[in-house]
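Residue numbers (full-length UniProt numbering): 1 to 229.
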Amino acid sequence: MPKRPRSTPPLSRDPSRPILRNKRAIPRQACSQVAFVRERPAPDDPLLAFEPVVTRTVRKNSITPELQREFIAHLASTGIVRDAARHIGRSNEALYRLRLRPDAAGFRAAWERALDWAMTRLEDSAFARAINGEEKPIVYQGEVIGYERRWNDALVMFFLRNRMADRYAPEAHMTPGHPVYERIRREIEAEQRARANDPANLARVREAIDAKVRALKIDLARDAEGGAS
Numbered sequence: 001m002p003k004r005p006r007s008t009p010p011l012s013r014d015p016s017r018p019i020l021r022n023k024r025a026i027p028r029q030a031c032s033q034v035a036f037v038r039e040r041p042a043p044d045d046p047l048l049a050f051e052p053v054v055t056r057t058v059r060k061n062s063i064t065p066e067l068q069r070e071f072i073a074h075l076a077s078t079g080i081v082r083d084a085a086r087h088i089g090r091s092n093e094a095l096y097r098l099r100l101r102p103d104a105a106g107f108r109a110a111w112e113r114a115l116d117w118a119m120t121r122l123e124d125s126a127f128a129r130a131i132n133g134e135e136k137p138i139v140y141q142g143e144v145i146g147y148e149r150r151w152n153d154a155l156v157m158f159f160l161r162n163r164m165a166d167r168y169a170p171e172a173h174m175t176p177g178h179p180v181y182e183r184i185r186r187e188i189e190a191e192q193r194a195r196a197n198d199p200a201n202l203a204r205v206r207e208a209i210d211a212k213v214r215a216l217k218i219d220l221a222r223d224a225e226g227g228a229s
């Protein structure tokens, strides 16, 4: 009989981590951050204080100012245009057409700010996972018997290289003046001088010069003969 692994007590949730609502119909499929909706911006958030597009004729499929703000709010919480469009019951194409209208400057600007807002929160979430790790269930014979915390080393190094490049990505700063850059430059210059002073290389250069001089003399002689005749 296989030995049953030791159960690990469930970990308490870190209160500093954002609360995510699973939006998948099948919870076990929610294995990605895309499967969650983050907290929406408050109704009085400056993000939603843009000048909406006002249509002259309101139809059933019109994207009213209220729907435009609802779309922007959902886009900021998910970062996915398709999901935000479905949330308000409109198509991607209709929203992109609205975005391209000459009088949609406010809507376009809010759209871009919403995506920036979503990406910032995504980065914050990834940074939190890099520091705090992630809770992973321990499954034995189809039963969750506990949880363990795991860290993604690649994610940790990504943030270290981007936020502490001087220490963890020194190659990003190898510009003129950097000791390594200057050493490589001196080595290349020394190689170029050595090639320039190489006797065989000098002989090839002289031979090429002599060949051009001979060809020039022949051309001059032909021109002189032609003038004399």
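The beta carbon of each residue, even a glycine, is placed where N, CA and C say it ideally should be.
- Look up E225 in the DSSP assignment and give the residues it is bridged to. None, per the DSSP bridge assignment.
- Task: Check whether the region 49-57 touches the region 104-118, taking contact to mean three or more Cβ pairs, one atom from each stretch, closer than 8 Å.
- Result: yes
- Query: Do you know offhand how far T78's Cα is from S91's?
  - Reply: 17 Å
- Query: Anyone know if the C-beta pair for F71 and A94 falls short of 8 Å?
  - Reply: No, the Cβ-Cβ distance between F71 and A94 is not below 8 Å.
- Query: From which residue to which residue does the beta strand (DSSP E) around E39 run?
  - Reply: E39: not part of any beta strand (DSSP E); DSSP gives it neither H nor E.
- Item | Any non-hydrogen atom of the ligand ATP closer than 7 Å to I72 Cβ | In the structure on display, the ligand ATP does not appear, and there are no ligands present to speak of.
- Message: Is the separation between the beta-carbon of R149 and that of G133 shorter than 8 Å?
- Response: yes
- Query: Given that a residue counts as buried once 16 or more other Cβ atoms are within 10 Å of its Cβ, and exposed if not, what is W117?
  - Reply: buried
- Item | Residue of A203, L67, K136, H87 minimising C-alpha distance to I145 | K136
- State the Cα-Cα distance for the pair I19 and I138, rounded to the nearest angstrom. Here the model assigns I19 a pLDDT of 42, short of 50, so the residue's position is not dependable and the matter cannot be decided.
- beta strand (DSSP E) runs contained entirely in the region 165-220, provided each spans 3 or more residues: none
- Item | Where P137 sits in the DSSP three-state scheme | P137: strand per DSSP, three-state reduction.
- Span of the beta strand (DSSP E) holding V144? 143-150 is the span of the beta strand (DSSP E), which, as asked, contains V144.
- Please name the residue, chosen from A224, P46, L98, that lies closest to L67 on a Cα-to-Cα basis. Among A224, P46, L98, the Cα nearest to that of L67 is on L98.
- If you drop the 5 nearest sequence neighbours on each side, which residues of the same chain put their C-beta closer than 8 Å to that of W111? Spatial neighbours of W111 in its own chain (CB-CB distance under 8 Å, excluding positions within 5 residues in sequence) are listed in chain order as I72, L75, R99.
- Message: Beta-carbon within less than 7 Å of L220's beta-carbon, same chain only, minus the 5 sequence neighbours each way: which residues are those?
- Response: none
- Message: Quick check on D124: does DSSP put it in helix, strand or coil?
- Response: helix
- Task: Please name the residue in I131, Y147, Q141 whose C-alpha comes closest to that of A154.
- Result: The shortest C-alpha separation from A154 is found at I131.
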